[in-house]
């Protein structure tokens with residue numbers, strides 16, 4: 001049996017004493033970029049060319065909603081498969097399709113033109129989604145960015161993120177906010193290259209309880 005808690009960094013001395021019997025599990029970082037100050041690395045101009053050379057095209061969910069009757073199921077399958085590959089402190093159980101549809105398509109924050117999908121033919125192989133903020137209309141946040149394992153290392157994630165930043169700029173957004181697990185080094189590197197500034201981490205801690 002385990003007991004899980006969390007704290008933000010930096011942790012105060014009294015809290016360190018309280019948490020001394022816990023083991024650090026992982027840290028989640030929020031990161032923010034001012035859209036007008038977003039960096040476009042020197043290689044960004046060729047990033048989408050690399051993806052295209054690998055047979056990848058990038059479209060929006062708005063386009064897929066108009067052309068693919070199975071777009072909801074295919075997005076769900078992609079999201080679940082890519083999410084299972086992400087670092088997690090505990091095993092995760094995929095959410096039910098109906099619940100997923102409610103979170104995504106029925107949400108007031110859903111932006112069909114701000115959801116970018118990488119396709120290999122008709123197969124959904126990568127995604128980067130932006131969502132609106134009810135609290136601040138000039139802020140967007142990243143719902144999820146993920147690429148199927150067989151398509152990583154081809155510039156797909158960077159191409160998707162660049163499309164998302166361009167969309168935010170055209171929309172007049174001021175900032176984009178995202179969250180990453182500290183163990184997800186490839187995505188952290190992409191966000192750093194694009195100018196995202198890391199915020200204090202939210203650290204998960206786990207204590208194994210002894211059975212009596």
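In my numbering, the protein residues as written are 1 to 212.
Just so it is clear, CB atoms sit at the ideal spot from N, CA and C, and this is done for glycine as well.
None of the values given here were measured: they were computed from a predicted structure.
- If you draw a straight line from the Cα of residue 54 to the Cα of residue 159, it is about 12 Å long.
- Pairwise C-beta distances place the region 55-69 in contact with the region 119-139, as three or more of them are shorter than 8 Å.
- Residues of the same chain with a CB within less than 8 Å of the CB of residue 131, apart from the 5 flanking positions on each side, are 107, 109, 110, 111, 114, 140, 141, 142 and 143 in chain order.
- The C-beta distance from residue 72 to residue 105 rounds to 7 Å, short enough to meet the 8 Å contact threshold.
- Residue 179 is bridged by DSSP to 30.
- Using a 10 angstroms sphere on the CB of residue 145, the tally of other CB atoms reaches 16 or more, which defines it as buried.
- Close CB contacts of residue 101 within its chain, under the 7 Å cut and outside five residues either way in sequence, are with 72 (chain order).
- The bridge partners DSSP lists for residue 156 come to none.
- When DSSP states are grouped into helix, strand and coil, residue 162 belongs to the helix group.
- Straight through space, the alpha carbons of residue 173 and residue 36 are spaced by roughly 9 Å.
- In the three-state reduction of the DSSP assignment, residue 132 falls in the strand class, which pools E and B.
- Straight through space, the alpha carbons of residue 29 and residue 183 are spaced by roughly 10 Å.
- DSSP, read as helix, strand or coil, puts residue 95 in coil.
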